[in-house]
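Notes follow once the structure below has been shown.
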Amino acid sequence: MKKILFFGIITLLFSACKKEKTTFDYTTIKIKQAIRYSNGNTDTTNYIYTGENVETRTIYSYNPSTVYRRVFTKSGNQFLAEYYTNSSNTHSGFYRINADGLFDTARFTNLNTLLFNNRDRYYNDSEKRNIRSISNYNTYINDYLKYYNSEDDYTYWIATVNRLDFPLLSTKDSIVFEYYLDKPQNVLFSFALEKYFGKPTKHLVKKRLYYDMLNSMTLRRTFEYEYELDSDGLVTQQIWKAYNQPGNVLTSSDTTKYFYYKD
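Anchor point for the sequence shown: position 78 equals 77 in numbering that gives the first Met the number 0, and the numbering is continuous, going up by one each time.
In structure tokens form, the structure reads like this:
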């Protein structure tokens with residue numbers, strides 16, 4: 000009888016442990032709201048989902064009567080995009096989706112000038128990681144080459160800004176990344192369509208260090224990040240600080256609070 004009772008207790012304990020180890024389903028969670036606090040301003044972005052379609056609405060506290068809307072509508076192998084300032088349509092464009100389910104091309108037109116605002120190209124590897132992105136803004140071109148470690152975190156980027164209007168102001172940086180290895184990035188929270196830009200990094204970034212490749216690899220700037228997470232492992236607050244180097248001089252900072260839809 001004692002032996003039966005002993006095995007019964009062990010079975011119950013084993014079952015309880017199995018329940019505690021149930022994996023949380025992060026695929027059901029989406030960013031709902033981001034509130035950014037910076038220099039006395041409070042800027043709020045709300046995210047609205049209708050099926051695969053997404054709309055964001057941003058209000059800046061310095062001009063609370065104006066609502067900036069971005070509407071992304073799934074249509075075949077692309078998202079059609081329309082940007083509005085209140086009811087005025089300012090930009091129109093698209094993000095095209097390739098066979099791997101990721102963006103490979105984007106293009107936007109400034110409807111006030113009827114000129115291209117930007118033309119983008121995204122390149123991904125066989126692991127669905129974004130390894131290069133090129134954005135042409137007519138007067139300058141951003142070109143980012145991205146390198147990863149075995150954890151799918153960035154090791155560094157080679158970031159080139161070609162100033163077509165003022166070539167002497169062009170820059171080329173090696174951006175080195177550091178991560179919080181004890182803080183996984185469970186849910187993307189920076190942009191509503193972020194998952195289409197390639198496989199996400201595994202961990203939350205801790206620091207970015209900018210080395211000037213045109214000036215003897217001098218460290219010229221650093222970005223630092225701190226986070227608060229809730230009991231589900233979701234980022235509820237991010238503190239961002241930028242420092243000029245040398246001297247570690249703080250130049251700007253902000254705090255953003257995040258809220259989520261949880262199905």
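Cβ atoms here follow ideal geometry from the backbone N, Cα and C, with glycine treated the same way.
With a threshold of 7 Å on Cβ separation, who are the neighbours of residue i within its own chain once the five nearest residues in sequence on each side are excluded?
i: F78; result: F71, T72, F93, Y94, L192
i: D253; result: R35, Y36, S37, W239
i: Y285; result: No information on residue 285 is available, as it lies outside the stretch 0 to 262 that the chain covers here.
i: V248; result: Y242
i: K17; result: Low confidence applies here, because K17 scores a pLDDT of 46, under 50, leaving its location unreliable and the question unanswered by this model.
i: V273; result: This structure gives no information on residue 273, because the portion of the chain shown stretches from 0 to 262.
So is residue i buried or exposed if we call it buried at 16+ other beta carbons inside 10 Å?
i: L213; result: exposed
i: F188; result: buried
i: S251; result: exposed
i: K127; result: exposed
i: T44; result: buried
i: G50; result: exposed
Sort the options by Cα distance to residue i and report the nearest one.
i: N88; options: K31, R69, A105; result: R69
i: Y122; options: R106, N135, N97, I140; result: N97
i: D124; options: L101, T112, I140; result: L101
i: T55; options: S74, N76, K31, N117; result: K31
i: T112; options: E51, Y210, N137, L180; result: N137
i: D142; options: T154, A158, N116, D151; result: A158
i: F258; options: D172, F23, Y46; result: Y46
i: Y147; options: V234, W156, S134; result: W156
Nearest-angstrom Cα distance between residue i and residue j?
i: A33; j: Q237; result: 10 Å
i: Q244; j: R220; result: 5 Å
i: L114; j: F107; result: 9 Å
i: D151; j: S74; result: 30 Å
i: K206; j: S132; result: 21 Å
i: K20; j: S230; result: In this prediction, K20 scores a pLDDT of 44, lower than 50, which makes its location untrustworthy; the coordinate-derived value is nonetheless stated afterwards. Going from the Cα of K20 to the Cα of S230 covers about 14 Å.
Spatial neighbours of residue i within its chain, please: CB distance less than 8 Å, with the 5 preceding and 5 following residues excluded, ordered by chain position.
i: L110; result: N88, T89, H90, S91
i: D262; result: T27, I28
i: H202; result: E150, D152, Y178, Y179, L180, K182, P183, Q184
Can you name, in chain order, every residue of its own chain whose Cβ lies under 6 Å from the Cβ of residue i, other than the five neighbours on each side?
i: A105; result: Y94, D119
i: K256; result: I34, Q236
i: T170; result: V160
Exercise. Counting only runs that start and end within the region 205-252, where is the beta strand (DSSP E) found for 3 or more residues in a row?
Worked result: 217-228, 234-243
Exercise. Which whole runs of the beta strand (DSSP E) in the region 46-93 are 3 residues long or more, in chain order?
Worked result: 52-58, 67-74, 77-84
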